[in-house]
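Protein chains in written order, with the numbering used here: chain A, 1223 to 1470; chain B, 381 to 1212. C-beta atoms are modelled at their ideal positions from N, C-alpha and C, and glycine is treated no differently.
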Amino acid sequence: MTSTVVGAPPAVLAENVVKEYGSGEAAVRALHGVSVGFARGAFTAIMGPSGSGKSTLMHCLAGLDTVNQGAIRIGDVEITRLSDKQLTLLRRDRVGFIFQAFNLLPTLTAEQNILLPLELSGRTPDRRWFDQVVDTIGLRPRLTHRPSELSGGQQQRVACARALVSRPEVIFADEPTGNLDSRSGAEVLSFLRSSVREMGQTIVMVTHDPVAASYADRVVFLRDGRITSELHRPTPDSVLDALKRLES
Amino acid sequence: MLKTTLAGLRAHLLRLMLTALAITLGVGFVAGTFVLTDTMKAGFDRQFTASAEKVSVAVLAKDDKIPESTLRAVRAVSGVQDAQGQLRGDAPLLGKDGRAYGETPTLGMSMATGALSRYTIEKGRAPAGPGEAVLEKTIAGHTGYRVGDAIRVLDKKGTAHAFTVTGLVDVGVDQEIGFRGAVGFTRPVAAQMTGEHGYMEIDVKGAPGVSDDRLRAAVAAAAGPSFTTVTSHGLAKKLAASSGLDVDSIAMFFLAFAVVALFVAALVIYNTFNILIAQRTREMALLRCVGATRGQVFRSVLIESAVVGLLASALGAIVGIGLGYGAALIFNSGSGMPGGSLTVSPTPFLVGIPVGLAVTVLSALMPARAATRVPPVAALRAQTEGRVKGRAGVLRVIAGALLGAAGIGVAVLALTSKPGQTPFLMVMVAGALLFLGVIALSPLIVRALSGIVGWPPARIFGVPGRLALANSRRNPKRAAVTTVALTVGVTLMTMFSVALTSVRSTADSSLRDQFPVDYQLSTQTGDDDRPIAGDAVARLRAKPEFSAVIEIRTASATVGGHKEDVGSMTQRFLGRDLKPKVTAGSLTDLRPGAVVLHQRRAGGLGARVGGTVSVRTRQGTANLRVAAIVSGESILPDVLLDETDFTRSFGPKDPEQVYLIAKPGISTLSSRAAVDDALKAYPAVRVQSAADIKDQLSKALDQVFLLVAGLLALAIVISLIGIANTLTLSVVERTRESALLRALGLTRRGLRRMLSLEALIISLIGALIGVVLGTALGWVAISAALDSAVLGLPIGRIVLFVVLAAVAGVAAAIMPGRRAARTSIVESLAAE
């Protein structure tokens, strides 16, 4: 059911990306020349054991962190050449984020949180799109509430709505269900999947949970800073098997 | 536990830096005051000793001056090498405008010669004979005379004599000379000019080998018991005692402001520890989990505050030495006081360090108690970040309302009682109560005001503005304490400013409405035996430029059993040109046998209109009917007799004061020319125009304001440190939030702007509360202190305070803003 058009350029592309922390003797290489593309309109999961570099990869892909070597493109922009200011503007206009925890500003209501990226870039929200997103996540009665008045699952759904409402080229999700119980987690994941299937959104998700990964169209496995394998149309079992192979 | 505390302290040292700075400055103020006064005291002592060391023994006049015969007797005492008498008397110096200089006549004095010459000739040389004089250097500066200039000085009879200035003399600290200025002559010329023949003092130089004590005994025997004979040591003490320098009151005055600074510092400390403990909830809980008791947690916080307080106070004492010395240098250059070298007694340390320590620990008490309430289970929960804790407690509202009501009540009571000192003190109490009320209610006030003050930035600056507004309201208690610290300084500054402006406008309005005189002629103070000559008044009356020449005569009498000055005025102008505010009765009833009283006298005499007051003069006692009671600022005698009654009682006499009112349409230039022409032959008469009087008052008030503003500046600086501190700590607390915003696309600049706007909102609120409170208190204080006060509002200055507070607030956000913008997004998001 993926709407990937064969031959179309990927939404996000990493070429030979090297990332090191520290310098000299103490340098730790987190990414060893990673090359990977993420298709437009696809839901991709990045998996790997702790310390495999999956979060680092995501931070670099999203322009939150710099790389030492290689190039990363989001759409037609090579983000590895941009200044901090240009990166900020790119994030604001073309990238959406969902984090594991602390996704919302405590001082703003749910609605204000959802609209924040649009307001930061000075765009007027498309009201119909906003309504559609809000109704899909089922949070309309909660729009005037502050994060402290919402449950963890509700907070995360607000974060999803925030990421979607600006129609970014790609949404990066970092362990979006890591802090949620399994029911709330399933809700969030279904929502992410339907946003890809029905709205054509591109999502890249980092997770260590095989169940979460099974919601994706494709799973990319990372180990010690290298891409080792990938899996299409995963199920929880096939992901688990792949992981087992990865660790052995 | 102590180890844990100290380890924690090391880890949080950076966060405590700004707090420590607040304490350091507060203690620095206290210590600096002591260093300043110690240095001043030592400087004076040294100078008096140096001055007195030139003489071996001195004979001082007590009630009577010392006659020439005594000087001769002292000279004849064996062991006396030299003895010289010191003459002092009035010798009014004429300024370059040809009129006697200053409010009081200049002092004429004889200059000692040879080894006994006590004063330093700074430029030129001592006078050597007739026609020569030296000028005391301060008065030379004020009048503009230099060495070689020709000056004129009036003698006892008012005749002007010409002298050449041969030198400038530095007399050191001498209250009389400092106040009046002095011209020095040779002894015979001094005697001739002042008409004085007795000496104030005889200075004796002993022959080599004669001890001061032995000489003193011999000289005392020769001088007799009617004079005091002292050694040079005793003379130094006498000089110090009579110098009129009250170093202790200077210290008290400064310390009052130091207390304000410390109070502000206490607020900053309280806030810091509260924030730190909120941030360390998990740490505290972990300590409890692993077995720390509540008491241990409590002590650990207190120990932390004690260490910070001790270090900061010690540093403050050292800073104070610098501050005090700097202030001493300013004092010296400003007033010709002796340039003392730095003198540090143990006092700054003995007082400053314990005070700083106590303030710090006491301010940390409440936060420490809050720390004990953290349950162990909090360690397991996700860190709640400085969560908004409910609404202002009911207790707080009640306390605030009660304090506010009490403050207003006392203020109303003060306003309804008769103006004077007691109601003024009541206003101060009311101010303190109101302020405490505002502190109690400040979370509510800040919340309400932030909506108003923050509205424009939220509109203008988009998302950063709105976030700033939301942030300023997220923790009302914290914002309130930060704000109140600034409010303290702004309130006091505004209060002084409003009060001083009101004093000025009260004086202005009384000059304009009630006493529209253009010139005030008077004799120099302390020169009452030389009133304004009748001829001079006659010349003034002959001038067509004036519509009114009003003579005021005064004399001493016994009124209702008390010695009082009574007076009269050229009566036809009363109520026509001079219109004092009448509270009861009528001015036209002032006829022979009647009296007009000022309210401040009527009260003491228990007199009311229609009643009588007994006035005893040399001509006997008369019971005068009270025609009217006047109030407010007045330039008339408080006990105003009918003119004919006055002349009958005291005989015809020249007036002590004359008021001139120019005819309408006469320019200032021509009226001034007329005054100068009429008084050309009377240089001793002082002429002040209404503009002069206004100017003098303005200058004096401005000086008071500058002094007060300078002393309050430190309290305001400390409160700004408090703003920077709160923001810095908030930035630490909101690291992840900032990172999220940056990830979502807020630029670094946007983040910095957000913090600047938050600081702007906080400081504007603080300034606004301060301005409103200060204006109200200033007005109430002046209404309570002054009769028929006219309230003034220094709008320019108040706007300036608000603008300065806003700018300073934004400046305080610079460092925290940079810090927030610099932090890496990835690391911050990962951080706990």
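Does chain B have any CB closer than 8 Å to the CB of residue i?
{"i": "residue 1353 of chain A", "result": "no"}
{"i": "residue 1379 of chain A", "result": "no"}
{"i": "residue 1313 of chain A", "result": "yes"}
{"i": "residue 1444 of chain A", "result": "no"}
{"i": "residue 1339 of chain A", "result": "yes"}
{"i": "residue 1343 of chain A", "result": "yes"}
{"i": "residue 1358 of chain A", "result": "no"}
{"i": "residue 1329 of chain A", "result": "yes"}
{"i": "residue 1321 of chain A", "result": "yes"}
{"i": "residue 1463 of chain A", "result": "no"}
{"i": "residue 1439 of chain A", "result": "no"}
{"i": "residue 1239 of chain A", "result": "no"}
{"i": "residue 1346 of chain A", "result": "no"}
{"i": "residue 1366 of chain A", "result": "no"}
{"i": "residue 1466 of chain A", "result": "no"}
So with Cβ pairs under 8 Å, would you call residue i a contact of chain A?
{"i": "residue 812 of chain B", "result": "no"}
{"i": "residue 769 of chain B", "result": "Any reading at residue 769 of chain B must be qualified, since the residue scores a pLDDT of 48, below 50, and its modelled position is unreliable; the value itself is stated next. Not one chain A Cβ lies under 8 Å of residue 769 of chain B."}
{"i": "residue 851 of chain B", "result": "yes"}
{"i": "residue 727 of chain B", "result": "no"}
{"i": "residue 1137 of chain B", "result": "no"}
{"i": "residue 1127 of chain B", "result": "yes"}
{"i": "residue 1140 of chain B", "result": "no"}
{"i": "residue 842 of chain B", "result": "yes"}
Since residue i and residue j should fall inside the 8 Å C-beta cutoff, what is the C-beta to C-beta distance between them, to a whole number of angstroms?
{"i": "residue 1124 of chain B", "j": "residue 1342 of chain A", "result": "6 Å"}
{"i": "residue 536 of chain B", "j": "residue 574 of chain B", "result": "6 Å"}
{"i": "residue 525 of chain B", "j": "residue 515 of chain B", "result": "6 Å"}
{"i": "residue 1206 of chain B", "j": "residue 1281 of chain A", "result": "5 Å"}
{"i": "residue 598 of chain B", "j": "residue 405 of chain B", "result": "Actually they are not in contact, since the Cβ atoms of residue 598 of chain B and residue 405 of chain B sit about 58 Å apart, beyond 8 Å."}
{"i": "residue 1260 of chain A", "j": "residue 1232 of chain A", "result": "5 Å"}
Determine whether the beta carbon atoms of residue i and residue j lie at a separation below 8 Å.
{"i": "residue 1234 of chain A", "j": "residue 1256 of chain A", "result": "no"}
{"i": "residue 427 of chain B", "j": "residue 583 of chain B", "result": "no"}
{"i": "residue 491 of chain B", "j": "residue 471 of chain B", "result": "no"}
{"i": "residue 577 of chain B", "j": "residue 571 of chain B", "result": "yes"}
{"i": "residue 665 of chain B", "j": "residue 413 of chain B", "result": "no"}
{"i": "residue 928 of chain B", "j": "residue 962 of chain B", "result": "no"}
{"i": "residue 1398 of chain A", "j": "residue 1296 of chain A", "result": "no"}
{"i": "residue 818 of chain B", "j": "residue 790 of chain B", "result": "no"}
{"i": "residue 1269 of chain A", "j": "residue 1435 of chain A", "result": "yes"}
{"i": "residue 520 of chain B", "j": "residue 532 of chain B", "result": "no"}
{"i": "residue 657 of chain B", "j": "residue 743 of chain B", "result": "no"}
Give the DSSP bridge partners of residue i, in chain order.
{"i": "residue 1194 of chain B", "result": "According to DSSP, which records beta bridges pairwise, residue 1194 of chain B is partnered with nothing at all."}
{"i": "residue 579 of chain B", "result": "B:446"}
{"i": "residue 503 of chain B", "result": "B:548"}
{"i": "residue 698 of chain B", "result": "Looking at the DSSP assignment, residue 698 of chain B forms no beta bridge with any residue, so it has no partner."}
{"i": "residue 489 of chain B", "result": "B:468 and B:564"}
{"i": "residue 474 of chain B", "result": "B:480"}
{"i": "residue 608 of chain B", "result": "B:440"}
{"i": "residue 945 of chain B", "result": "B:936"}
{"i": "residue 1039 of chain B", "result": "B:900 and B:930"}
{"i": "residue 1469 of chain A", "result": "Partner(s): none; residue 1469 of chain A has no beta bridge."}
{"i": "residue 1254 of chain A", "result": "A:1240"}
Please tell me whether, using a cut-off of 7 Å, the distance from the CB of residue i to the nearest non-hydrogen atom of the ligand FAD is below it.
{"i": "residue 1294 of chain A", "result": "The ligand content of the structure shown is nil, which means the ligand FAD is not present either."}
| said: Counting only Cβ-Cβ distances shorter than 7 Å, please list the residues of the stretch 1272 to 1299 of chain A near chain B, keeping chain order. | reply: Against chain B - using a Cβ distance shorter than 7 Å - the residues of the stretch 1272 to 1299 of chain A are 1281, 1286 and 1287.
| request: Could you list the residues in the stretch 1099 to 1125 of chain B with a C-beta less than 8 Å from some C-beta on chain A, going in chain order? | output: Contact annotation: in the stretch 1099 to 1125 of chain B, residues whose CB is within less than 8 Å of a CB in chain A are 1116, 1117, 1120, 1121, 1122, 1123, 1124 and 1125.
| Near-chain B residues of the stretch 1391 to 1403 of chain A - C-beta to any C-beta below 7 Å | Those residues of the stretch 1391 to 1403 of chain A that come within reach of chain B (Cβ to Cβ, closer than 7 Å) do not exist; the list is empty.
| request: Report the residues of the stretch 1188 to 1211 of chain B with a CB closer than 7 Å to any CB of chain A, ordered along the chain. | output: Against chain A - using a Cβ distance shorter than 7 Å - the residues of the stretch 1188 to 1211 of chain B are 1205, 1206 and 1209.
| query | Using a Cβ cut-off of 9 Å, which residues of the stretch 1259 to 1271 of chain A contact any Cβ in chain B, in chain order? | reply | Taking 9 Å as the upper bound on Cβ-Cβ separation, chain B lies near no residue of the stretch 1259 to 1271 of chain A.
| query | For the stretch 678 to 695 of chain B, which residues have a beta carbon sitting closer than 8 Å to at least one beta carbon of chain A? | reply | Correct list: empty, as no residue qualifies.
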